[in-house]
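Okay, structure first, notes after.
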Amino acid sequence: MGRITLEQIQTGERFIKIPMAFVESKYYSKFSTEGKYLYGILYNRFQLSLKNGWVDDKNCVYLIYTVEDLCKILGFGKNKVIKLKKELVKYGLLEEVRQGLNKPNLLYLQNVETKESLLNSDFEEVENSSKPAEIAEVSNSNFQNSQNQTSRSFKNKLQEVSNSNSNKTENNKTENNKTDVILSEDEEERATQKSERKNQDSLSRKVDKATKYDREYIYELVHDQLLKENFSQTSADYAMIHFDTRYQYALENMRFAHSSEVIAEYVFNGILAEMNQVMRKEQNKGVG
Numbered sequence: 096m097g098r099i100t101l102e103q104i105q106t107g108e109r110f111i112k113i114p115m116a117f118v119e120s121k122y123y124s125k126f127s128t129e130g131k132y133l134y135g136i137l138y139n140r141f142q143l144s145l146k147n148g149w150v151d152d153k154n155c156v157y158l159i160y161t162v163e164d165l166c167k168i169l170g171f172g173k174n175k176v177i178k179l180k181k182e183l184v185k186y187g188l189l190e191e192v193r194q195g196l197n198k199p200n201l202l203y204l205q206n207v208e209t210k211e212s213l214l215n216s217d218f219e220e221v222e223n224s225s226k227p228a229e230i231a232e233v234s235n236s237n238f239q240n241s242q243n244q245t246s247r248s249f250k251n252k253l254q255e256v257s258n259s260n261s262n263k264t265e266n267n268k269t270e271n272n273k274t275d276v277i278l279s280e281d282e283e284e285r286a287t288q289k290s291e292r293k294n295q296d297s298l299s300r301k302v303d304k305a306t307k308y309d310r311e312y313i314y315e316l317v318h319d320q321l322l323k324e325n326f327s328q329t330s331a332d333y334a335m336i337h338f339d340t341r342y343q344y345a346l347e348n349m350r351f352a353h354s355s356e357v358i359a360e361y362v363f364n365g366i367l368a369e370m371n372q373v374m375r376k377e378q379n380k381g382v383g
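So this is what it looks like as structure tokens:
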């Protein structure tokens with residue numbers, strides 16, 4: 096292929112830019128090679144952002160890069176890509192802003208640290224010395240996304256989900272169908288069916304549309320919660336082989352789901368049930 100010439104350098108062939116601080120400083124010495132590579136990939140994407148006009152009202156440029164797209168370009172699996180994104184967040188190099196149903200997350204790449212005093216220090220030491228006392232409190236909260244959105248605990252929501260969704264075949268009426276007017280059984284059934292038909296399309300579409308971008312968000316929520324439930328990284332990754340089945344089941348059965356978090360919990364509980372079955376089978380083998 097030949098050596099690189101002066102002309103090639105001057106005309107600026109396309110290369111991935113990686114900050115020298117990543118390779119020269121003590122601060123980034125434990126930052127993984129794959130993480131540094133991902134930062135370079137994202138930085139290289141800025142030209143596309145400018146072409147598409149992806150600049151917010153504060154004049155900050157953002158990126159749109161789904162997990163699936165990153166998997167393709169990096170050649171890594173989904174869990175690996177999610178882990179690398181979290182590493183960038185940990186080093187303060189990436190901010191992810193969620194837009195809502197059927198919309199991709201906005202990725203804001205952050206500037207590399209430039210303070211000499213910090214670059215000459217170990218990242219973990221700096222991180223530990225600057226952590227506020229409340230960090231332990233925050234780490235114990237359930238289902239917290241990058242915009243500090245929180246939901247109720249899994250235990251509280253488990254009851255809610257099991258009551259409102261899992262027993263759907265036994266409960267054909269929603270709270271919205273309750274009325275003080277006394278109807279005959281036939282009239283009540285017809286009224287309920289009419290109401291359900293009216294709402295079914297819009298509500299199921301709302302859930303069905305949460306299949307591309309929100310799917311990633313739900314995947315991350317479930318995976319994170321497994322880790323919080325003391326699953327090892329390997330065990331959590333193994334458990335996620337049930338994600339696709341449980342996610343599809345949730346979309347088919349949770350017509351009245353009002354948020355991605357509710358779907359995530361439904362999927363999480365399903366995966367836990369799958370894992371419990373696996374454990375019981377293993378225990379039974381041991382007994383036999």
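If you count the sequence shown from 1, you need to add 95 to reach my numbering. Note that CB positions come from ideal geometry on N, CA and C, so glycine has one too. If you're wondering where the values come from, they're calculated on a predicted model, not measured in any experiment.
**Asked** For Glu191, which beta-bridge partners are listed by DSSP?
**Response** Partner(s): Leu202.
**Request:** May I ask you to report which of helix, strand or coil DSSP gives Asn294?
**Result:** For Asn294, the predicted model reports a pLDDT of 43, less than 50, meaning its position is unreliable and no value from the coordinates is stated.
**Asked** Bridge partners of Leu158, per DSSP?
**Response** Leu202
**Request:** Could you check if His318 is buried or exposed, using at least 16 other CB atoms within 10 Å of its CB as the buried criterion?
**Result:** buried
**Item:** Start-to-end residues for the alpha helix (DSSP H) that takes in Glu182
**Value:** Note, Glu182: alpha helix (DSSP H), Lys173 to Lys185.
**Prompt:** If you draw a straight line from the alpha carbon of Lys198 to that of Asp309, how long is it in whole angstroms?
**Reply:** 8 Å
**Asked** Taking just the CA atoms, how far does Asp152 sit from Lys181?
**Response** In a straight line, the C-alpha of Lys181 is about 26 Å away from that of Asp152.
**Request:** With a 10 Å radius around its C-beta and 16 neighbouring C-beta atoms as the bar for buried, classify Tyr186 as buried or exposed.
**Result:** buried
**Request:** Determine the extent of the alpha helix (DSSP H) in which Ile348 is found, giving its start and end residues.
**Result:** At residue 348 the sequence reads Asn, which differs from the Ile that was named. From DSSP, the alpha helix (DSSP H) with Asn348 extends over Phe338 to Asn348.
**Message:** If distances are taken between C-alpha atoms only, which option among His337, Leu316 and Ala368 comes closest to Ile358?
**Reply:** Leu316
**Where Val150 sits in the DSSP three-state scheme** = Here Val150 sits in strand by DSSP.
**Message:** Which same chain residues end up closer than 6 Å to Ser144 when comparing Cβ atoms and leaving out the 5 residues on each side of it in sequence?
**Reply:** Val156 and Leu158
**Request:** Taking only the alpha-carbon atoms, compute the straight-line gap between Ile313 and Leu189 and give it to the nearest angstrom.
**Result:** Pairing Ile313 with Leu189, the inter-Cα distance amounts to about 19 Å.
**Request:** Would you check if the region 366-382 and the region 326-342 touch, i.e. whether three or more CB-CB distances between them fall below 8 Å?
**Result:** yes
**Asked** Does DSSP classify Val207 as helix, strand or coil?
**Response** coil
**Prompt:** Between Ala231 and the rest of its own chain, which residues show a CB-CB distance below 8 Å, the 5 nearest in sequence each way excluded?
**Reply:** With a pLDDT of 42 at Ala231, under the threshold of 50, the predicted position of this residue should be treated as unreliable, and no value is reported.
**Item:** Spatially closest choice to Glu360 from Lys376, Gln378, Phe338 and Asn371, by CA coordinates
**Value:** For the residues Lys376, Gln378, Phe338 and Asn371, the minimum Cα distance to Glu360 belongs to Phe338.
**Message:** Going by beta-carbon coordinates alone, are Leu169 and Tyr132 separated by less than 9 Å?
**Reply:** yes
**Message:** For Phe126, which residues in the same chain have their Cβ closer than 8 Å to its Cβ, ignoring the five residues on either side in sequence?
**Reply:** Phe117, Glu182, Tyr186 and Phe218
**Message:** Could you give the first and the last residue of the continuous alpha helix (DSSP H) run that contains Glu324?
**Reply:** Note, Glu324: premise wrong, no alpha helix (DSSP H); not H, not E.
**Request:** Work out the CA separation of Ile111 and Arg136 for me, nearest whole Å.
**Result:** Residue identity check: residue 136 is Ile in the sequence provided, not Arg. Approximately 6 Å between the Cα atoms of the pair.
**Prompt:** Which first and last residues belong to the alpha helix (DSSP H) in which Asn139 is found?
**Reply:** Thr128 to Asn139
**Prompt:** Can you tell me where the alpha helix (DSSP H) with Phe117 in it begins and where it stops?
**Reply:** Ala116 to Glu119
**Inter-residue Cα distance where the pair is Tyr203 and Tyr122** = 21 Å
**Prompt:** Under three-state DSSP, which class holds Phe110?
**Reply:** coil
**Item:** Distance between Met374 and Lys58 (C-alpha atoms, nearest Å)
**Value:** Missing from the structure shown is residue 58; the chain here goes from 96 to 383 and no further.
**Asked** When the Cα atoms are used, what is the spatial distance from Asn348 to Phe141?
**Response** 40 Å
**Asked** When DSSP labels each residue in this structure, what does Tyr122 get in the three-state scheme?
**Response** If DSSP states are grouped into helix, strand and coil, Tyr122 belongs with coil.
**Item:** Lys173 and Val184 closer than 9 Å at C-beta
**Value:** no
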